[in-house]
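**Q** This structure is in C-alpha cells; I'll ask about it shortly.
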Amino acid sequence: MPSFWHGRRVFVTGHTGFKGAWLTMWLSSLGARVTGYALPPPTTPSLYALAETGRLLDAETIADINDAKQLAQSLQSAAPEVVFHLAAQPLVRDSYAMPVETFATNVMGTAHLLEAVRGAPSVRAVIVVTTDKCYENREWVWGYRETDPLGGHDPYSASKAAAEILTAAWRASFFRTGPSIVTARAGNVIGGGDFARDRLLPDFVRAIERGDALEIRNPHAVRPWQFVLDPLQGYIELAERAYGAEAGLDSAWNFGPDESSTCTVGEVIRGFADACAPWAPARISFGASAPQPHEATLLKLDTSKARSQLVWRPRLGLRETLEWTADWYRSYLSGGDLRALTQTQLDRYIARSAER
C-alpha cells in the first residue's frame, strides 16, 4: 500500500469535513500529494483545524462543489491520478430543513465532479462516497447487498440514492474507456474529530461540556457502527485496485462493521458513557420530547463483497472504537495536542491494518 501512494497525485473533495480530514492525513502519511477542494470546515471546532490537516496539502481550493467552472479548473490544475469525492450535505435532519440544497450538493455536485473528470485525462480512478442510507429501507433484519433496490424516505437518503444512479449513468455513458468509477457505501462512522450537530457522540461530548443530560431521541434504532478509519481503509484499497483497471471493479461497494458492532443507539451511547466515565460522568435521558422527523429504525449492511474480493475487513470492534473515540475527546476537552494524538491513532490503525 505505501509504495503505491508515494508521490501519487490525489484530489479529495470534502477534505475539510470529518472523514475528509482523516483521509487527507492518511494519504499524506502514505506519501501522496493531496489537493483538497471543499467549503470551509462545516463546524467550529473541526478536525481539519485542530489536527492542522491543511498543512499536509499540496494545494487546496475553498469553494462550492456546485461551482462547476472552479471545480474543473482546480481538478485540471492538480492533474490527479486518483479522485475521492466526499463533498456532501451529510445530515438527515438538515435535509428536512434544506431539501433543495441537499439535492443540489449531493446530486448535482456529483455530476459536476464527474463532468470535471471527463476533462482531466490524468485521472485513472474515482471513488464516489455515498452512504448505507441509499437503500430502500424495508426495516428487515438482513444486511443490504449492493444489488438491493435503492430508495430514500428522507431527502438526504434519496439524494444519495440519486447520486448512485447518476454515477452509474455517467459510468455507462461516458467512461466505457478511461478511468474506473466506483461508489462506496459506508455505515455510521465514529471517531475523534466529529463535531456535527445531531450526531450521537458529538452531542454527548457537547452535553459533557455544558454539564447537561443528553436526550436520546431514538434509543432502539439499529445502525452499523464503525470506526472512521475502517471504511477509509476500504476506500484506499478500492482506489488502488481501481487504478489498475481490475475487471469487474466498477460498481458499488459496501463497507460496514462486524455483526457484533451492529447494535442500537442506546447500546452505543451507554458504551461511550462507560468509556468516558473515569474522567467525565454524564447523564443520559432516553425518549424524545417532541415528534421527530422520520429516520430508519433498522439498518444493516452486507459486506461480503468487499471482504471476499478486496480482502477488506474492519480492524476495530465497537468497544475499542468507543475507547479510541473517548480518548480523543478527553484530549480535546483537556486542551491536549490533537495533531499529535490524531497522528498517533492513525499510525496505530495503519500498523493494525498491515496485519492479515
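Each residue of the sequence shown is one higher than the one before, starting from -11 at the first, in this note's numbering. From the three backbone atoms N, C-alpha and C, an ideal C-beta is built for every residue, glycine too.
With a cut-off of 8 angstroms, do at least 3 Cβ pairs link the region 239 to 252 to the region 287 to 300?
**A** yes
**Q** Measure the CB-CB distance between W14 and L35 and report whether it falls below 8 angstroms.
**A** No. Outside cutoff.
**Q** Within 10 angstroms of its Cβ, does S83 collect 16 or more other Cβ (buried), or is it exposed?
**A** buried
**Q** Compute the distance between the beta-carbons of L63 and G181, then report whether it is under 8 angstroms.
**A** no
**Q** Only counting the same chain, and skipping five residues up and downstream in sequence, which positions put a Cβ closer than 6 angstroms to that of A151?
**A** Counting only Cβ-Cβ distances below 6 angstroms, and skipping sequence neighbours, we find N94, V95, T98, T118.
**Q** Quick check: the region 133 to 150 against the region 193 to 201, are at least 3 beta-carbon pairs closer than 8 angstroms?
**A** no
**Q** What runs of the beta strand (DSSP E), each 3 residues or longer, lie entirely inside the region 175 to 233?
**A** 176 to 178, 201 to 204, 210 to 215
**Q** Looking at the structure shown, is V253 part of a helix, part of a strand, or coil, going by DSSP?
**A** helix
**Q** Can you tell me whether DSSP reads I50 as helix, strand or coil?
**A** strand
**Q** State yes or no: is the C-beta of C251 within less than 8 angstroms of the C-beta of W312?
**A** No, these two residues do not count as a Cβ contact at 8 angstroms.
**Q** Among A270, T32, F(-8), which one has its Cα closest to the Cα of S16?
**A** F(-8)
**Q** First and last residue of the alpha helix (DSSP H) that includes Y25?
**A** For Y25, there is no enclosing alpha helix (DSSP H); the enclosing beta strand (DSSP E) covers residues 21 to 26.
**Q** Considering only residues of the region 32 to 98, which uninterrupted alpha helix (DSSP H) runs meet the minimum length of 4 residues and lie entirely inside it, listed in chain order?
**A** 35 to 38, 56 to 66, 80 to 85, 87 to 91
**Q** Across the region 69 to 88 and the region 222 to 234, are there enough close Cβ pairs to call them in contact, namely three or more that are closer than 8 angstroms?
**A** yes
**Q** Starting from F274, follow the beta strand (DSSP E) in both directions and report where the run begins and ends.
**A** 271 to 274
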